[in-house]
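Residue numbers (this note's numbering): -1 to 209.
Ideal Cβ placement from N, Cα and C applies to all residues, glycine included.
One structure is given here, and the rest of the page talks about it.
Structural data, given as C-alpha coordinates:
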(Lines of atoms letter the chains of each structure in order from A and count residues from 1; the text may use other names and numbers.)
(Lines give C-alpha, C1' and ligand atoms only; values in the text may rest on other atoms or scores of the structure.)
Protein backbone atom coordinates (compact mmCIF):
# COMPACT_ATOMS: atom_id res chain seq x y z
CA UNK A 1 0.00 0.00 0.00
CA UNK A 2 1.70 3.17 -1.23
CA UNK A 3 0.23 5.63 1.28
CA UNK A 4 0.98 3.38 4.24
CA UNK A 5 4.57 2.88 3.11
CA UNK A 6 5.13 6.61 2.58
CA UNK A 7 3.58 7.53 5.93
CA UNK A 8 5.73 4.93 7.69
CA UNK A 9 8.80 6.41 6.00
CA UNK A 10 7.81 9.91 7.15
CA UNK A 11 7.52 8.68 10.74
CA UNK A 12 10.85 6.87 10.71
CA UNK A 13 12.83 9.60 8.94
CA UNK A 14 11.51 12.51 11.01
CA UNK A 15 14.25 12.12 13.68
CA UNK A 16 16.81 12.55 10.89
CA UNK A 17 15.29 15.94 10.11
CA UNK A 18 15.70 16.94 13.76
CA UNK A 19 19.34 15.84 13.66
CA UNK A 20 19.95 17.68 10.38
CA UNK A 21 18.42 20.89 11.76
CA UNK A 22 21.61 21.77 13.64
CA UNK A 23 24.06 20.05 11.31
CA UNK A 24 26.36 22.57 9.69
CA UNK A 25 26.95 20.50 6.57
CA UNK A 26 24.55 20.28 3.68
CA UNK A 27 24.84 21.51 0.12
CA UNK A 28 22.15 23.40 -1.74
CA UNK A 29 20.72 22.04 -4.97
CA UNK A 30 21.46 22.63 -7.74
CA UNK A 31 25.14 23.57 -7.33
CA UNK A 32 25.34 24.12 -11.09
CA UNK A 33 26.45 27.76 -10.86
CA UNK A 34 29.71 26.94 -9.12
CA UNK A 35 30.33 23.80 -11.09
CA UNK A 36 29.62 25.18 -14.54
CA UNK A 37 31.84 28.22 -13.96
CA UNK A 38 34.71 25.92 -13.15
CA UNK A 39 33.93 23.74 -16.17
CA UNK A 40 33.94 26.79 -18.47
CA UNK A 41 37.38 27.77 -17.21
CA UNK A 42 38.61 24.34 -18.19
CA UNK A 43 36.75 24.41 -21.54
CA UNK A 44 34.82 21.28 -20.60
CA UNK A 45 38.05 19.48 -19.79
CA UNK A 46 37.19 16.26 -17.97
CA UNK A 47 40.10 16.69 -15.55
CA UNK A 48 38.68 16.09 -12.05
CA UNK A 49 37.41 19.28 -10.49
CA UNK A 50 38.90 20.15 -7.14
CA UNK A 51 38.08 22.70 -4.49
CA UNK A 52 36.55 23.29 -1.10
CA UNK A 53 32.95 22.41 -0.33
CA UNK A 54 32.82 23.65 3.28
CA UNK A 55 32.73 27.35 2.52
CA UNK A 56 36.15 27.95 4.09
CA UNK A 57 37.70 31.28 3.21
CA UNK A 58 34.35 32.94 2.49
CA UNK A 59 34.26 34.83 5.80
CA UNK A 60 30.79 33.45 6.53
CA UNK A 61 29.86 31.86 9.85
CA UNK A 62 27.60 28.80 9.86
CA UNK A 63 24.01 29.46 10.87
CA UNK A 64 22.85 28.03 14.22
CA UNK A 65 20.28 25.95 12.34
CA UNK A 66 19.62 25.02 8.75
CA UNK A 67 16.77 27.13 7.43
CA UNK A 68 16.12 24.70 4.57
CA UNK A 69 15.50 21.87 7.03
CA UNK A 70 13.31 24.06 9.24
CA UNK A 71 11.26 25.12 6.20
CA UNK A 72 10.83 21.49 5.18
CA UNK A 73 9.70 20.45 8.66
CA UNK A 74 7.19 23.30 8.81
CA UNK A 75 5.81 22.68 5.32
CA UNK A 76 5.44 18.92 5.81
CA UNK A 77 3.77 19.40 9.20
CA UNK A 78 1.24 21.79 7.68
CA UNK A 79 0.58 19.40 4.79
CA UNK A 80 -0.11 16.52 7.16
CA UNK A 81 -2.33 18.61 9.45
CA UNK A 82 -4.42 19.93 6.56
CA UNK A 83 -4.79 16.41 5.22
CA UNK A 84 -5.84 14.98 8.59
CA UNK A 85 -8.33 17.81 9.10
CA UNK A 86 -9.95 17.09 5.73
CA UNK A 87 -10.01 13.31 6.21
CA UNK A 88 -11.44 13.55 9.74
CA UNK A 89 -14.31 15.68 8.43
CA UNK A 90 -15.29 12.75 6.24
CA UNK A 91 -14.59 9.64 8.31
CA UNK A 92 -14.87 10.57 11.99
CA UNK A 93 -18.19 9.54 13.57
CA UNK A 94 -20.08 11.70 16.04
CA UNK A 95 -20.40 10.36 19.61
CA UNK A 96 -23.52 8.24 20.15
CA UNK A 97 -25.34 6.54 23.00
CA UNK A 98 -26.32 7.83 26.45
CA UNK A 99 -24.64 10.83 28.07
CA UNK A 100 -21.90 8.81 29.77
CA UNK A 101 -21.15 6.84 26.61
CA UNK A 102 -20.98 10.03 24.56
CA UNK A 103 -18.62 11.62 27.08
CA UNK A 104 -16.32 8.61 26.96
CA UNK A 105 -16.55 8.45 23.18
CA UNK A 106 -15.80 12.17 22.87
CA UNK A 107 -12.54 11.69 24.79
CA UNK A 108 -11.43 8.66 22.81
CA UNK A 109 -7.68 9.31 22.19
CA UNK A 110 -8.05 7.91 18.68
CA UNK A 111 -10.25 10.85 17.71
CA UNK A 112 -8.83 13.67 15.64
CA UNK A 113 -9.06 17.13 17.22
CA UNK A 114 -9.35 20.24 15.07
CA UNK A 115 -8.90 22.70 17.93
CA UNK A 116 -6.42 23.15 20.76
CA UNK A 117 -2.77 22.23 20.58
CA UNK A 118 -2.05 20.69 17.20
CA UNK A 119 -0.59 17.17 17.08
CA UNK A 120 3.08 16.70 16.26
CA UNK A 121 4.07 15.60 12.73
CA UNK A 122 4.84 11.99 13.62
CA UNK A 123 1.53 11.53 15.44
CA UNK A 124 -0.33 13.16 12.55
CA UNK A 125 1.32 10.77 10.09
CA UNK A 126 0.50 7.88 12.44
CA UNK A 127 -3.17 8.94 12.60
CA UNK A 128 -3.34 9.02 8.80
CA UNK A 129 -1.57 5.65 8.71
CA UNK A 130 -4.37 4.27 10.88
CA UNK A 131 -6.99 5.50 8.45
CA UNK A 132 -5.41 3.95 5.35
CA UNK A 133 -4.79 0.62 7.16
CA UNK A 134 -8.31 0.44 8.61
CA UNK A 135 -7.35 0.67 12.29
CA UNK A 136 -10.24 0.44 14.74
CA UNK A 137 -11.84 3.57 16.13
CA UNK A 138 -14.81 5.91 15.80
CA UNK A 139 -14.44 6.11 12.04
CA UNK A 140 -16.37 5.04 8.97
CA UNK A 141 -14.50 3.25 6.14
CA UNK A 142 -12.11 5.48 4.22
CA UNK A 143 -13.68 6.53 0.89
CA UNK A 144 -11.62 6.44 -2.27
CA UNK A 145 -11.34 10.24 -2.56
CA UNK A 146 -9.91 10.48 0.95
CA UNK A 147 -7.51 7.62 0.30
CA UNK A 148 -6.30 9.37 -2.84
CA UNK A 149 -5.81 12.61 -0.89
CA UNK A 150 -3.69 10.83 1.71
CA UNK A 151 -1.64 9.09 -0.97
CA UNK A 152 -0.95 12.38 -2.74
CA UNK A 153 -0.02 14.29 0.42
CA UNK A 154 2.12 11.48 1.84
CA UNK A 155 4.03 11.07 -1.43
CA UNK A 156 4.68 14.81 -1.72
CA UNK A 157 5.66 15.17 1.96
CA UNK A 158 8.08 12.25 1.77
CA UNK A 159 9.61 13.70 -1.40
CA UNK A 160 10.27 16.97 0.45
CA UNK A 161 11.91 15.10 3.33
CA UNK A 162 14.09 12.94 1.10
CA UNK A 163 15.24 15.96 -0.87
CA UNK A 164 16.05 17.90 2.31
CA UNK A 165 18.03 14.95 3.67
CA UNK A 166 19.76 14.46 0.31
CA UNK A 167 18.35 10.98 -0.13
CA UNK A 168 17.07 11.54 -3.66
CA UNK A 169 19.19 11.63 -6.83
CA UNK A 170 18.32 14.74 -8.84
CA UNK A 171 19.11 15.90 -12.36
CA UNK A 172 19.01 19.32 -13.99
CA UNK A 173 20.25 20.83 -17.23
CA UNK A 174 23.14 23.31 -17.03
CA UNK A 175 23.41 26.46 -19.10
CA UNK A 176 26.05 25.47 -21.64
CA UNK A 177 26.30 22.67 -24.22
CA UNK A 178 28.81 19.86 -24.55
CA UNK A 179 31.49 20.15 -27.23
CA UNK A 180 29.26 17.90 -29.36
CA UNK A 181 26.41 20.39 -29.01
CA UNK A 182 24.33 18.13 -26.74
CA UNK A 183 22.65 19.09 -23.48
CA UNK A 184 24.78 18.68 -20.36
CA UNK A 185 22.97 17.72 -17.15
CA UNK A 186 24.21 17.83 -13.59
CA UNK A 187 23.32 14.83 -11.41
CA UNK A 188 23.47 14.89 -7.62
CA UNK A 189 21.54 16.17 -4.62
CA UNK A 190 21.72 12.87 -2.73
CA UNK A 191 24.95 13.55 -0.88
CA UNK A 192 27.11 11.81 -3.48
CA UNK A 193 29.70 13.72 -5.50
CA UNK A 194 27.88 15.66 -8.27
CA UNK A 195 28.81 14.97 -11.86
CA UNK A 196 27.83 16.14 -15.34
CA UNK A 197 26.85 13.95 -18.28
CA UNK A 198 26.11 14.94 -21.85
CA UNK A 199 22.69 13.57 -22.78
CA UNK A 200 23.77 13.19 -26.42
CA UNK A 201 27.29 11.73 -26.51
CA UNK A 202 27.42 10.49 -22.93
CA UNK A 203 30.63 12.35 -22.08
CA UNK A 204 31.18 12.29 -18.31
CA UNK A 205 32.58 15.03 -16.10
CA UNK A 206 33.14 14.53 -12.38
CA UNK A 207 34.90 16.11 -9.44
CA UNK A 208 34.45 18.25 -6.37
CA UNK A 209 32.69 21.58 -6.44
CA UNK A 210 34.61 24.78 -6.09
CA UNK A 211 33.67 27.30 -3.40
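The C-alpha of residue 95 is placed about 44 Å away from the C-alpha of residue 69. Per DSSP, the beta-bridge partners of residue 171 are 183. DSSP places residue 196 inside the beta strand (DSSP E), whose first and last residues are 193 to 196.
Straight-line spacing of the CA atoms in residue 111 and residue 80 works out to 12 Å. Annotated three-state conformation of residue 164 is coil, per DSSP.
In the DSSP secondary-structure assignment, residue 121 is not bridged to any residue. Annotation: residue 87 to residue 9 spans about 23 Å, alpha carbon to alpha carbon. If you draw a straight line from the Cα of residue 0 to the Cα of residue 163, it is about 21 Å long. Counting other Cβ atoms within 10 Å of its Cβ, residue 144 reaches 16 or more and is therefore classed as buried. Counting every other CB atom within 10 Å of its CB across the protein chains shown gives residue 63 a total below 16, marking it as exposed. Given a length threshold of 4 residues, each whole run of the alpha helix (DSSP H) inside the segment 127 to 164 is given here in chain order: 142 to 162. In terms of Cβ geometry, residue 159 and residue 21 do not form a close pair [threshold 8 Å].
Minimum Cα-Cα distance from residue 91 among the listed residues 98, 84 and 135 corresponds to 135.
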